[in-house]
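The structure appears below as structure tokens.
2 protein chains.
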Amino acid sequence: MPITIKDVAKRANVSSATVSLVINKNKRISEKTRAIVLKAIKDLGYHPSRSARGLVSKQNGNIGFILTDDHFSRSEPFYTKIFIGTELQARDDEYYVLLTTIPKSFKKPDSLPRFVLERNVEGTILAGMIPWDLMDCLEEYKLPLVFVDYYPANGKYSVVMSDNIAGGFQATQHLIDCGHRRITYLYSDQQHPSINERFQGYKMALEKANLDSIPVSDEGSTNRKGGYNAAQRLFAKRKDVTAIFACNDAMAIGALQFLKEKGMKVPKDVSIVGFDDVEADLSLDPPLTTIRVQKEEMGIQAMRLLTEILRNNSAKPRKILVPVELIVRGSTCKLNKKVESK
Amino acid sequence: MPITIKDVAKRANVSSATVSLVINKNKRISEKTRAIVLKAIKDLGYHPSRSARGLVSKQNGNIGFILTDDHFSRSEPFYTKIFIGTELQARDDEYYVLLTTIPKSFKKPDSLPRFVLERNVEGTILAGMIPWDLMDCLEEYKLPLVFVDYYPANGKYSVVMSDNIAGGFQATQHLIDCGHRRITYLYSDQQHPSINERFQGYKMALEKANLDSIPVSDEGSTNRKGGYNAAQRLFAKRKDVTAIFACNDAMAIGALQFLKEKGMKVPKDVSIVGFDDVEADLSLDPPLTTIRVQKEEMGIQAMRLLTEILRNNSAKPRKILVPVELIVRGSTCKLNKKVESK
DNA sequence: CTGAAAGCGCTAACAT
DNA sequence: ATGTTAGCGCTTTCAG
């Protein structure tokens, strides 16, 4: 029932081989025949069969997108947007994206995603923190892998990250520019490369201004509750801090909530900068100054990297940093004209 | 390089046809040979090639999952969870799910998702509100369609909905049981079937208790801002309302915010019930009493419905209602012993 | 520059 | 109950 290559060949008065060559952009076809064939394809609304193509070319045109279940269910659509970027780019690259989640607790004998077991993807994008065991298993399959927003330390893979160091620097610099001198870094889970990189940026900005770093961590997690707890811990020790740089928006919002409850005004008494720009809470009061991460762009870049590897599998691992941007909203302001001695 | 059916055949000392029959669970194979073949398959780690299968069977083992971009990027992972359910069930049904978004503003000459143009899906799940034009276009492709959490009025398709009427009823009944007599329904966008059905349930519960309905809508949208505005509008007119049933959690949270700002205590002065149980804000104070929608289950059911249609395409359109559940948290309480005259 | 033909891995008659 | 074989739609030598 569907239109086949033969139908096109017949209509264009050429052989099916010629049509195939045209489809595959082979250059040894005269402009004239190419045009005729192209027209026939369009007239007929022909689309080559992926099955037939895949059968002979040993390629299936699919790529996998794996992330942990808890990441995908997160209340902010962070990874969702990365996925959208991937899918967007996949349209241009003519791939289909198969999305699957694996349990955060993935352990060695657990079974891998179906599409890798059945070898129905040519490569895979790994988004966010991935259990070590999963990487191990994947490695055995020799699947081209690209990491987004996370990467293993071994340097063997291509990765796409947002420019966390620059972001940390910009956030901190912004606070310094506002006149703040005692600026805390609120975080949790320092193992995570992003959180660590943001910390680097923070420290660099402080060093440049000759200020001391005041890192405060929560043992829990990098969510609102963690931010709330960390802020609580911070102000139990030091009441003189005037600015907070949180490792992400969720913690920033948690800290904001704590401050409000304690009657401290944001940004009058304390300025807060977040990271990610999750837009989770546009009704937040005050709206959060933050570092915008280009989530879709990250997905796009990841897909591009993967395509590159797929086309030329000798390609060396590359690392792409997607630029970030300071978004100044209402949670930061100039420090109250008070003159501060360093 | 990969293992083919012939490798299996050779190892099992049978023909490839026999292997094929075993794979396809054909019953006219003796138990003995079946066992031998199965063992060979396992030993070799054989997985049939989808391309080859697809080429002859005209099936590709893919199903599409379409939703609008704004739905997928929503801050609560509502549709994300529906998708996860679909993917979960797809594993059992041996399908791959191709997820794509279309612009909310989809208009007729816009191009359809690639996987339908290229006919690379056997059927499609449509999640959430879908532009009418899209349905129109899809219809021409004669693709089996299943709707989740939304459906066109024409009754031509299979759909999966949560039991909105029961949910609206339970929510309202809960408030009535708490002693409330003046209960508002806060909503927006009544065109949406879910919102309308919830309204039905609300009205039924009120009628049964012989109470009047107090519907208040916001002209904007069904998000927090809408909830805030609607609550504002409500209390501008009537100060005697003691309970609010919002058409979803987002609006409930918006209303909650308005009440807090105006100094009204929740639940002491006003009780609030939401709908969806999005868990967006576990740190919400007070935590929201709501109607839990089983999002994953909805995705699972949608996939099952689609599989059913695909296996037996004479199947008639079916409608599945996924049960809901009242979750009582802190935003509702018994009405202050005040005696109320009806 | 284009056509003829073989063959990818599998299924489905048809034989045996 | 199992084997033989043609052919699905496409790509890819190899000829011309």
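If you read the protein sequences in the order shown, they are chains D and F.
Per my numbering, the very first residue in the first sequence carries number 83; after that it's consecutive.
Per my numbering, the very first residue in the second sequence carries number 83; after that it's consecutive.
Each residue gets a CB set at the ideal place from its N, CA and C atoms; glycine is no exception.
### Helix, strand or coil at S423 of chain D [DSSP, three-state]
Position 341 of the first sequence, counting from 1, holds the residue named residue 423 of chain D. For S423 of chain D, the pLDDT reaches just 43, beneath the cut-off of 50, and the residue's location in the model is therefore unreliable, although a value from the coordinates is still provided. Three-state result, S423 of chain D: coil.
### N- and C-terminal bounds of the alpha helix (DSSP H) containing M217 of chain F
If you number the second sequence from 1, residue 217 of chain F lands on position 135. It spans W214 to E222 - the alpha helix (DSSP H) in which M217 of chain F sits, taken as one unbroken run.
### Query
Taking the alpha-carbon positions, what's the M380 of chain F to N394 of chain F distance?
Here residue 380 of chain F refers to the residue found at position 298 of the second sequence. Here residue 394 of chain F refers to the residue found at position 312 of the second sequence. C-alpha separation (whole angstroms): 21 angstroms.
### Opening and closing residue of the beta strand (DSSP E) in which E407 of chain F lies
In the second sequence, residue 407 of chain F corresponds to position 325, counting from 1. Counting along the chain, the beta strand (DSSP E) containing E407 of chain F begins and ends at E407 to I409.
### Query
Which term fits N418 of chain D, buried or exposed, when burial requires 16 or more other beta carbons within 10 angstroms of its beta carbon?
The count along the first sequence starts at 1 and reaches residue 418 of chain D at position 336. N418 of chain D comes out exposed.
### Query
Which same chain residues, not among the five before or five after K285 of chain F, have their C-beta less than 6 angstroms away from its C-beta?
Numbered from 1 along the second sequence, position 203 holds the residue referred to as residue 285 of chain F. Once the five neighbours on either side are set aside, the close Cβ partners of K285 of chain F are S295.
### Task
Quick one: grab the DSSP three-state call for Y310 of chain D.
Locating residue 310 of chain D in the first sequence gives position 228, where the first residue counts as 1. Residue state, collapsed to three classes: helix.
### Message
To the nearest angstrom, how far is the alpha carbon of V360 of chain D from that of E204 of chain F?
### Response
Locating residue 360 of chain D in the first sequence gives position 278, where the first residue counts as 1. Locating residue 204 of chain F in the second sequence gives position 122, where the first residue counts as 1. Computed Cα separation, rounded: 35 angstroms.
### Task
Kindly list the residues whose CB is nearer than 6 angstroms to the CB of Y177 of chain F, restricted to its own chain and excluding five residues on each side of it in sequence; keep chain order.
By one-based count along the second sequence, residue 177 of chain F stands at place 95. Excluding positions up to five away in sequence, the list reads G143 and I145.
#### Entry: Unbroken alpha helix (DSSP H) run spanning Y284 of chain F, endpoints
Mapped onto the second sequence, residue 284 of chain F falls at position 202. P275 to K290 is the span of the alpha helix (DSSP H), which, as asked, contains Y284 of chain F.
### Task
Please compile the residues from chain D whose C-beta is within a distance smaller than 9 angstroms of the C-beta of G136 of chain F.
Within the second sequence, numbered from 1, the residue matching residue 136 of chain F stands at position 54. Here the neighbours are S131, R132, S133, A134, G136 and L137.
### Message
Under 9 angstroms, CB to CB, which of the residues in the region 196–211 of chain D have a partner in chain F?
### Response
R196, F197, L199, E200, R201 and N202
#### Entry: Own chain, CB closer than 7 angstroms to Q383 of chain F, minus 5 neighbours either side, in chain order
Reading the second sequence from its first residue, position 301 is the one you call residue 383 of chain F. Around Q383 of chain F: V242, I402 and V404.
### Query
Can you tell me whether DSSP reads N144 of chain F as helix, strand or coil?
Residue numbering aside, residue 144 of chain F sits at position 62 when the second sequence is read from its first letter. Three-state result, N144 of chain F: strand.
### Task
For R386 of chain D, decide whether its Cβ has a neighbour in chain F, counting only Cβ atoms nearer than 7 angstroms.
Within the first sequence, the letter at position 304 stands for residue 386 of chain D. Not closer than 7 angstroms to any Cβ of chain F, the Cβ of R386 of chain D fails to qualify, so no.
### Query
Looking at C-alpha atoms only, which residue of D:G302, D:N330 and D:T182 is the closest neighbour of E279 of chain D?
By one-based count along the first sequence, residue 279 of chain D stands at place 197. Nearest C-alpha to E279 of chain D: D:N330.
### Message
Please confirm whether S155 of chain F has its beta-carbon closer than 7 angstroms to some beta-carbon of chain D.
### Response
As a first step, residue 155 of chain F is located in the second sequence; it is residue number 73 there, counting from the start. It does; some Cβ of chain D falls within 7 angstroms.
### Query
What residue does the alpha helix (DSSP H) around K451 of chain D start on, and which one ends it?
Given a span of 83 to 424 for chain D in the structure shown, any question on residue 451 of chain D remains unanswerable.
### Query
Would a C-beta distance cut-off of 7 angstroms place R196 of chain F and R135 of chain D closer than the cut-off?
Residue mapping note: residue 196 of chain F aligns to position 114 of the second sequence, counting from 1. Residue mapping note: residue 135 of chain D aligns to position 53 of the first sequence, counting from 1. Their beta carbons are not under 7 angstroms apart, which means R196 of chain F does not touch R135 of chain D by this criterion.
### Task
Evaluate G309 of chain F with the Cβ neighbour count: other Cβ atoms within 10 Å of its Cβ, from every protein chain shown; 16 or more gives buried, anything less gives exposed.
Start at 1 with the first residue of the second sequence, and residue 309 of chain F comes out as number 227. Counting Cβ neighbours within 10 Å, G309 of chain F comes out buried, since at least 16 surround it.
### Task
Report yes if the CB atom of R315 of chain D is closer than 7 angstroms to the CB atom of P369 of chain D, and no otherwise.
As a first step, residue 315 of chain D is located in the first sequence; it is residue number 233 there, counting from the start. As a first step, residue 369 of chain D is located in the first sequence; it is residue number 287 there, counting from the start. Contact: no.
### Message
Is there a Cβ of chain F sitting closer than 7 angstroms to that of L220 of chain D, yes or no?
### Response
Position 138 of the first sequence holds residue 220 of chain D. Closer than 7 angstroms: no.
#### Entry: C-beta neighbour in chain D for L180 of chain F, strict 7 angstroms
What you label residue 180 of chain F is simply residue 98 of the second sequence in a count that begins at 1. Taking Cβ atoms only, chain D reaches closer than 7 angstroms to L180 of chain F, which makes this a yes.
### Start-to-end residues for the alpha helix (DSSP H) that takes in M243 of chain D
Stepping through the first sequence from its first residue, residue 243 of chain D is reached at position 161. Segment S240 to S244 is the beta strand (DSSP E) holding M243 of chain D; no alpha helix (DSSP H) there.
### Query
Which of the three DSSP states, helix, strand or coil, is assigned to V179 of chain D?
Numbered from 1 along the first sequence, position 97 holds the residue referred to as residue 179 of chain D. Strand at V179 of chain D.
### Task
To the nearest angstrom, report how far apart D218 of chain D and K186 of chain D are at their CA atoms.
The sequence position of residue 218 of chain D within the first sequence is 136, counting from 1. The sequence position of residue 186 of chain D within the first sequence is 104, counting from 1. Approximately 15 angstroms, taken between the alpha carbons.
### Contact the region 91–99 of chain D vs the region 121–136 of chain D: 3+ CB pairs below 8 angstroms
yes
### Query
Which runs of the alpha helix (DSSP H) fall wholly inside the region 164–208 of chain F and span at least 4 residues, in chain order?
196–199
### Query
Is the beta carbon of R306 of chain F sitting closer than 7 angstroms to the one on I335 of chain F?
Position 224 of the second sequence holds residue 306 of chain F. Position 253 of the second sequence holds residue 335 of chain F. It is a contact, given that the beta carbons lie within the stated cut-off.
#### Entry: Minimum Cβ-Cβ distance from P159 of chain D to chain F less than 7 angstroms
For the purposes of this step, residue 159 of chain D is taken as the residue at position 77 of the first sequence. Closer than 7 angstroms to some Cβ of chain F, the Cβ of P159 of chain D qualifies, so yes.
### Query
Since P84 of chain D meets chain F, which of its residues come closer than 9 angstroms, beta carbon to beta carbon?
Mapped onto the first sequence, residue 84 of chain D falls at position 2. What P84 of chain D touches in chain F: K140 and R201.
### Message
Classify A332 of chain F: buried if its beta carbon has 16 or more other beta carbons within 10 angstroms, exposed otherwise.
### Response
Taking the first residue of the second sequence as position 1, residue 332 of chain F is located at position 250. Buried is the call here.
### Task
Measure the alpha-carbon distance for D245 of chain F versus T182 of chain F and round it to whole angstroms.
Stepping through the second sequence from its first residue, residue 245 of chain F is reached at position 163. Stepping through the second sequence from its first residue, residue 182 of chain F is reached at position 100. C-alpha separation (whole angstroms): 27 angstroms.
### Query
For F229 of chain D, which of helix, strand or coil comes out of DSSP?
Against the first sequence, residue 229 of chain D aligns to sequence position 147. In this structure, F229 of chain D counts as strand in the three-state DSSP scheme.
### Task
Taking 7 angstroms as the cut-off, decide whether the C-beta atoms of T371 of chain F and T324 of chain F are in contact.
Locating residue 371 of chain F in the second sequence gives position 289, counting from the first residue. Locating residue 324 of chain F in the second sequence gives position 242, counting from the first residue. In this structure, T324 of chain F does not lie closer than 7 angstroms to T371 of chain F by Cβ.
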